[in-house]
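Only one structure is covered here, and it is reproduced in the block below.
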Amino acid sequence: MKTLIVIAGPTASGKTAFAIEMAKALDTVILSADSRQFYKEMNIGTAAPTEEELGQVKHYFVHHISIEDKYDVADYEQDVMQLLNGLFKTHDTVIITGGSGLFIDAVCHGIDTMPDVWPEIREKVQKLFDEGGLKALQNEVQRLDPQYFDIVDQQNPRRLQRALEICYQTGQPFSAFRIGNAVERDFHIKKYALLWDRQQLIERIDKRVDLMMEQGLLEEAKALYPKRHLNALNTVGYKELFAYFDGQCTLKEAIGQIKTHTRQYAKRQMTWLRKDTGYQWVTSDEAKKVAATLQPSIPQQQELH
RNA sequence: GGUACCGUAGCUCAGUUGGUAGAGCAGAGGACUGAAAAUCCUCGUGUCACUGGUUCGAUUCCCGUCGGUACCA
């Protein structure tokens, strides 16, 4: 049976390096599960694999779309499953790595299929929130989908808005589509998560942010500044620099904010990962040992001449 | 040296007409099925700078000390 190896971990934990090492040992490819490395316009700030790294191992889902594109977990899940279908014909194992928990889960367990939401519907729901606030959203969800209202995070406008979009789009309650049955994949899934001492991870994060600045994050952000309202740019490392460009803080403060927000992001990732007991947590040393014991996934594909 | 203002949670500050205090940020924990590096929830006892006085009672009023800031010399 084929195997999908998941390499997860908080930001700055060394996923990219571990994945590449493992991919080389297995003679296979890497799929990114990083919702920001998807975008071709975002490079330095997302710590996307370097040209050199991309040259060492074939990567998918890195820089494959534009910040202008509409792309969500469902699109991603579909794209990954289709790709995997082809890859498993020539590879016994494939590696997927990234920090976006929701995206990894969608690949591992599937995600309910739901109709697309027209832009007009989204605008309508946004307008309801802008004008009526949280309360208006709550009232509507309670009216149109009381079942979901009972279990949803009622303080979170995003959750309520999403439910309403589906209700308005389909005329049916969101719950009717939100089944939540885990799909059984026809391949094995082996999950690793990179473990770090908290303080060490913070140091790695701080160092990496400084490195990003040396590599030209400021210029990258400046180039993207005109498009700052795109959702893809509502991202740590960019939004703080946009605030600096807007004169809301000094550059030094912006950099401090990037570090803080990256730490907070790492914390949220840990929360997400901890609740999934399927992960084997490994330190970087253990990760190296794991990679060293692996056998190539394409044993007999020598030169045919 | 003089005058004024300030000294309260890790940081920035609010407040108590005298009954020992609260926000934002940071931090910790958590949630999360189509915006997810997003979005959201929970958690705040700290010699209220120090000393003395007035008072039943002072962080709050008064004297002084120390530290800071501003202005005047």
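The opening position of the first sequence corresponds to residue 3 in this note's numbering, with each subsequent residue numbered one higher. Think of the CB as a built atom: it goes at the ideal place given N, C-alpha and C, for glycine as much as any other residue. Computed from a predicted structure; not experimentally measured.
Anticipated Cβ contact below 8 Å, residue i with residue j, distance rounded
i, j, result
"L104", "V96", "Going by Cβ atoms, the distance from L104 to V96 rounds to 20 Å, so no, they are not a contact pair."
"L226", "Y246", "Wrong, their Cβ atoms sit about 13 Å apart, outside the cutoff."
"P175", "G101", "So it is not a contact: roughly 33 Å between Cβ atoms."
"A14", "R210", "5 Å"
"V238", "T264", "5 Å"
"L196", "A289", "6 Å"
"F40", "F20", "Between F20 and F40 the Cβ distance is about 20 Å, and since that is not below 8 Å, they are no contact."
"A256", "L243", "6 Å"
"V109", "V82", "5 Å"
"G47", "E222", "6 Å"
"Q149", "S177", "5 Å"
"E55", "I22", "6 Å"
"D275", "Y281", "Here residue 275 turns out to be Leu, not Asp, going by the sequence shown. With a Cβ gap of about 6 Å, L275 and Y281 count as contacting."
"D147", "C169", "6 Å"
"A293", "A27", "5 Å"
Those residues which DSSP pairs with residue i across a bridge
i, result
"Q282", "Y194"
"I32", "H61, I97"
"Y310", "Because residue 310 is not part of the residues shown, which for the chain are 3 to 307, the question remains open."
Residue i: first and last residue of the uninterrupted beta strand (DSSP E) it sits in
i, result
"V8", "5-10"
Residue of the options minimising C-alpha distance to residue i
i, options, result
"K192", "L296, E242, G135, Q271", "L296"
"E79", "A35, H231, H190", "A35"
"T30", "F40, G16, L6, A49", "L6"
"L166", "H231, L213, A21, F131", "F131"
"I32", "L243, T18, D212", "T18"
"K4", "E55, N87, A268", "N87"
"D155", "C169, K137, Q171", "K137"
"A50", "G16, E23, D74", "G16"
"Y194", "T99, D188, Q84", "T99"
"G218", "M44, S37, F40", "M44"
"R160", "Q266, D248, F179, Q140", "Q140"
"I181", "G258, I113, L85", "I113"
"P117", "R164, N158, D152, I106", "R164"
"K91", "G57, V292, E55, F189", "F189"
"V185", "Y281, E70, D107", "D107"
"T172", "S68, R124, I207, S37", "R124"
"H231", "E70, Q84, E122, L85", "E70"
"H61", "V75, A76, A25", "A25"
"V284", "E142, W198, H111", "W198"
"I67", "K42, L85, Q84", "K42"
"D77", "H93, D94, S37", "S37"
"I260", "A293, M272, K277, D212", "D212"
"T115", "Y73, F179, K254, V127", "F179"
"L253", "Q271, K269, L220", "L220"
"V75", "H93, H111, G57, D94", "H111"
"G187", "K229, Q201, C251, Q84", "Note that residue 187 is Arg in the sequence shown here, rather than Gly. Of the listed residues, the one whose Cα sits closest to R187 is Q84."
Limits of the alpha helix (DSSP H) - the one that residue i falls within
i, result
"L166", "159-172"
"I153", "148-153"
Residue i CB to nearest heavy atom of the ligand FAD below 8 Å
i, result
"D114", "As presented, the structure is devoid of all ligands, the ligand FAD included, so that no description of it is given."
* Entirely within the stretch 50-132 and at least 3 residues each: give me those beta strand (DSSP E) ranges in chain order. => Runs found: 95-99.
* Where in the stretch 179-260 do unbroken runs of the alpha helix (DSSP H), each at least 4 residues long, occur, reported from the N-terminal end onward? -> For the stretch 179-260, whole alpha helix (DSSP H) runs of length 4 or above, ordered along the chain, are 200-217, 219-226, 241-247.
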